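Asker: Have a look at this one.
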Amino acid sequence: MIKVTNLHKTYTAGELEVKALRGVSLEIGRGEFIALAGPSGSGKTTLLNIIGCIDGADSGDVKIGEKSVMNLKKNDQAMFRRDNLGFVFQSYNLIPVLTAFENVAFSLNLMGIGEGDIRERTMAILKEVGLEGMENRRPGRLSGGQQQRVAIARAIVKNPEILLADEPTANLDSNTGREILELMKRLNQSHQSTFIFATHDPMVMDFADRLVRLHDGAIESDTRR
Ligand SMILES: Nc1ncnc2c1ncn2[C@@H]1O[C@H](COP(=O)(O)OP(=O)(O)OP(=O)(O)O)[C@@H](O)[C@H]1O
Ligand SMILES: [Mg+2]
Numbered sequence: 004m005i006k007v008t009n010l011h012k013t014y015t016a017g018e019l020e021v022k023a024l025r026g027v028s029l030e031i032g033r034g035e036f037i038a039l040a041g042p043s044g045s046g047k048t049t050l051l052n053i054i055g056c057i058d059g060a061d062s063g064d065v066k067i068g069e070k071s072v073m074n075l076k077k078n079d080q081a082m083f084r085r086d087n088l089g090f091v092f093q094s095y096n097l098i099p100v101l102t103a104f105e106n107v108a109f110s111l112n113l114m115g116i117g118e119g120d121i122r123e124r125t126m127a128i129l130k131e132v133g134l135e136g137m138e139n140r141r142p143g144r145l146s147g148g149q150q151q152r153v154a155i156a157r158a159i160v161k162n163p164e165i166l167l168a169d170e171p172t173a174n175l176d177s178n179t180g181r182e183i184l185e186l187m188k189r190l191n192q193s194h195q196s197t198f199i200f201a202t203h204d205p206m207v208m209d210f211a212d213r214l215v216r217l218h219d220g221a222i223e224s225d226t227r228r
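Numbered by the numbering used here, the letters in the sequence shown go through residues 4 to 228 in order.
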């Protein structure tokens, strides 16, 4: 379902050139729950962002379904992202002035869905992530774990084909991290979305069905369990 072929990416910062990816190829099937691991600087975020159409590569290809997403125009890329991908970040990235409900509903608003429908889907997903009764709270009145639940609800409410998460447990204590992972696993199964995580967290690696280790911009190992 996702086919990454021979990706190369070099960042230039002044005189300095950093080879972030050197020929990464990877196939990911529908519904997989996959962790990208590896030392800091090994290219995890870079790879995640290229798959997520947030960043481009210098060469190579990313196909999602039948579509090559790398050569889409900016506008088409943004639409593709909106309709097919969900993102969860380390620092939640919620909009502070919006309530939990509004943060989640926001992504459906962008898709031009009717208001009744938005309300129903938003309430259902907030319940599914365990936030029933907290719909009207702003992020500042929620714990880190609850904020991450809102962020997950926001990402999954669109039923995206692919959910990408960069260090989703990094700001959480280990108990909360585990709850969040159990939630993600349930959602992975109930929504049949493909989940791809970049992570340093051994617990995330344990949870994943497949572990891809990067080193210096290349895949070092790829194991399923
Ligand atoms: N915007 C940028 N400009 C210059 N260099 C960058 C940029 N983004 C990443 N890099 C470099 O590319 C390499 C890969 O970075 P990347 O963020 O993908 O690593 P990572 O595996 O996600 O690391 P971490 O575990 O610390 O998040 C690193 O050497 C990094 O310094
Ligand atoms: Mg990173």
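By construction, the Cβ of each residue, glycine as well, lies at the ideal position given by its N, Cα and C atoms.
For clarity, every value in this text was computed on a predicted model and none was experimentally measured.
Where does R189 fall in DSSP's three states?
Answerer: Looking at R189 - three-state DSSP - the assignment turns out to be helix.
Asker: Check each residue's C-beta against every heavy atom of ligand 4 and list, in chain order, those closer than 5 Å.
Answerer: What this structure holds is ligand 1 and ligand 2, not ligand 4.
Asker: Anyone know if the C-beta pair for I67 and M114 falls short of 9 Å?
Answerer: Contact flag unset, no.
Asker: Taking only the alpha-carbon atoms, compute the straight-line gap between M137 and A23 and give it to the nearest angstrom.
Answerer: About 41 Å.
Asker: Which residues does DSSP list as the beta-bridge partners of A40?
Answerer: Beta-bridge pairing links A40 to R216.
Asker: Mind reading off the beta-carbon distance from F210 to L166? Whole number of angstroms is fine, and I expect it under 8 Å.
Answerer: Incorrect: roughly 14 Å between the Cβ atoms, too far for contact.
Asker: Would you mind reading off the limits of the alpha helix (DSSP H) that contains N78?
Answerer: Counting along the chain, the alpha helix (DSSP H) containing N78 begins and ends at 77 to 87.
Asker: Could you check where the beta strand (DSSP E) with K161 kicks off and where it finishes?
Answerer: Note, K161: premise wrong, no beta strand (DSSP E); not H, not E.
Asker: Starting from G26, trace the beta strand (DSSP E) in both directions and tell me its first and last residue.
Answerer: Counting along the chain, the beta strand (DSSP E) containing G26 begins and ends at 19 to 31.
Asker: Note down the Cα distance separating R140 from T102, rounded to an integer number of angstroms.
Answerer: Roughly 5 Å separates the two Cα atoms.
Asker: Taking the beta strand (DSSP E) that R124 falls in, what are its first and last residues?
Answerer: Note, R124: premise wrong, no beta strand (DSSP E); alpha helix (DSSP H) at 118 to 131.
Asker: What do you reckon, is the C-beta of A221 under 8 Å from a heavy atom of ligand 2?
Answerer: No; taking the cut-off as 8 Å, the Cβ of A221 has no heavy atom of ligand 2 nearer than that.
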